[in-house]
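Here is the structure we will look at.
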Amino acid sequence: MATARLEYVQSDSSSCGVKPFIVHFTNANLRSGKKDNKKIKFACYRWADHTDEKKKKRRTLIAETDKMEYAGQNFGESARSNTLCKYVLGVYNSRTEVMKMYDTEMITLQPKVLVDTELNHTEGEQDNKMELSYIEKNDLLTEAFGSSKKKRAMASRLRNKIDNTGLDDTVNEVVQALANEPMDKTDGMEEQYSSIPPFNASAATPADVYKLDDIITPLEYEVLQKKSLELKNADRDTISTWRNQRRFPEYILRHLEVMSINPSQRLHQSCCLLYLSYMITLYGLNYQDLKKKDPLYGMPDIIQKKLLSMFSLQKGKFRAIPKRLKDKLVSYILVLVLMIDEYTVECSVIMKDLGMSDSRLTAHMKAIGCVVRSSKGQRKRKLDDEKDSTPSSKTASLEIPLPPDFQNSTNR
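When you line the sequence shown up against full-length UniProt numbering, it's residues 1 to 412, in that order.
Right, dumping it as structure tokens:
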């Protein structure tokens with residue numbers, strides 16, 4: 001058995017020399033026979049600040065092949081050496097039979113793509129460990145040694161944790177935006193009046209109080225002229241079929257039966273009735289209907305977008321019609337009804353189509369400037385005939401001059 005003389009080589013930490021390292025590759029040992037691994041270039045980096053006793057012994061080792069780069073260090077979580085023992089490396093010279101012993105350290109080399117972040121942040125993590133709060137330290141212990149139940153609870157808490165910095169920034173942005181907005185110096189009259197269509201309080205005739213263009217825009221009216229040809233050309237059999245199918249409200253069907261024989265006037269009436277049916281359809285939509293992808297299916301896009309933007313709000317993925325916008329929609333419906341009936345309306349049919357109570361419809365009629373009168377002197381009918389009739393009815397008329405309290409009523 002060959003013997004060797006041991007010779008210990010003292011390492012000088014103050015010198016610029018580099019002591020040998022024992023390296024371990026995390027993804028298995030490199031095969032020396034492989035073509036790509038024949039030439040491995042090693043580089044060792046040391047801390048530039050030699051005055052810090054703790055940091056001047058830190059080393060970062062880089063190993064590079066043609067296709068991969070590895071990195072490791074003798075500090076931080078990736079350090080492999082045990083500080084409670086000392087590692088030495090023996091180099092045997094077969095000619096002199098002398099084995100020189102060098103101080104060494106063990107370093108684990110990982111593919112650099114996995115350790116870039118660690119190399120950049122390890123120093124900061126080491127320096128900030130003393131600044132961790134009790135909860136953060138407890139989370140580290142739970143992550144390392146906690147049970148599965150505690151780990152799940154910790155993960156749930158961290159997911160639901162509010163980022164205070166982000167929250168403060170958001171609040172500051174909102175406050176700043178509100179501060180930059182010009183103050184509204186109006187007395188609120190415009191907003192209150194917006195619940196009914198624009199009106200002319202000093203109009204000389206009922207026809208001058210409201211304008212049709214404020215309800216049906218010229219662009220919409222152009223679309224309606226083509227869309228309403230079906231209503232214009234409807235005969236009694238067609239109207240009867242529509243009534244059985246409940247395709248249109250009863251108010252629409254009754255007016256289709258008595259439309260003018262003049263072609264241009266008949267077309268105008270058809271356009272107004274069709275637009276009125278669109279608004280009544282929107283008024284009748286419930287919460288589930290508004291959740292549909294196309295709640296107003298079959299309606300021209302330009303009319304559908306305008307009605308939804310005026311009388312509904314977007315809430316997340318779905319739309320909703322709050323009470324104030326529903327009241328606004330009723331006002332627009334009743335103003336158009338006034339125009340169709342030449343400013344005197346028998347209220348029973350439209351009240352049934354809207355599903356309103358007598359008192360509520362009366363309040364809406366007064367809100368748009370009408371005078372509402374009751375007709376109680378009608379002849380009594382037999383019980384069999386009273387199923388489809390009303391013993392008393394109300395008539396709403398738009399008269400000039402407008403009621404003295406009309407503007408005050410719109411403000412309430």
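A virtual CB, placed ideally from N, CA and C, is assigned to each residue, including glycine.
- Bounds of any beta strand (DSSP E) do not take in arginine 95, whose DSSP letter is neither H nor E.
- Annotated three-state conformation of glutamate 220 is helix, per DSSP.
- Its chain contains Val349, Ile350 and Asp353 as the residues whose beta carbon lies nearer than 6 Å to that of tyrosine 251, once the 5 sequence neighbours on both sides are disregarded; these appear in chain order.
- Of the residues Ala396, Thr51, Ala367 and His364, the one whose Cα lies closest to the Cα of serine 374 is Ala396.
- Rounded to the nearest whole angstrom, the CA to CA distance from valine 223 to valine 258 is 23 Å.
- Per the DSSP secondary-structure output, isoleucine 62 pairs in a beta bridge with Ala43 and Ala71.
- Asparagine 262 has its alpha-carbon roughly 32 Å from the corresponding atom of proline 401.
- Residues of the same chain with a CB within less than 6 Å of the CB of arginine 58, apart from the 5 flanking positions on each side, are Trp47 and Phe75 in chain order.
- The alpha-carbon separation between leucine 273 and leucine 253 amounts to approximately 9 Å.
- Checking the DSSP bridge columns, you'll see leucine 109 partnered with Phe25.
- Leaving aside the five residues that flank lysine 227 on each side, the residues in its chain whose CB is nearer than 7 Å to its CB run, in chain order, Leu274 and Pro300.
- Looking at the DSSP output, threonine 395 bridges to Glu346 and Arg373.
- Secondary-structure assignment with DSSP links phenylalanine 406 through no beta bridge to anything.
- With the rule of 3 Cβ pairs closer than 8 Å, the region 290-299 counts as touching the region 316-331.
- Contact fails between the region 230-240 and the region 361-369, because fewer than three Cβ pairs, one in each stretch, are under 8 Å apart.
- A distance below 9 Å separates the beta carbons of phenylalanine 25 and tyrosine 70.
- Each residue's CA atom was taken as its position, placing methionine 68 and lysine 112 some 8 Å apart.
- The alpha carbon of isoleucine 368 has as its nearest neighbour, out of Ala4, Pro404, Gly355 and Asn27, the alpha carbon of Pro404.
- Glutamate 257: member of the alpha helix (DSSP H) spanning 250-257, first to last residue.
- With a contact defined as Cβ atoms closer than 8 Å, valine 209 and leucine 325 miss out at about 23 Å.
- Considering only Lys41, Leu308, Ser331 and Leu158, the residue with the shortest C-alpha distance to proline 198 is Ser331.
- Annotated three-state conformation of glutamate 173 is helix, per DSSP.
- Serine 312 has its alpha-carbon roughly 35 Å from the corresponding atom of arginine 159.
- Around the beta carbon of lysine 394, 16 or more other beta carbons sit within 10 angstroms, so the residue counts as buried.
- Cβ atoms of proline 20 and leucine 109 stay farther apart than 8 Å, at about 15 Å.
- Per DSSP, valine 209 lies in no alpha helix (DSSP H) segment and is marked neither H nor E.
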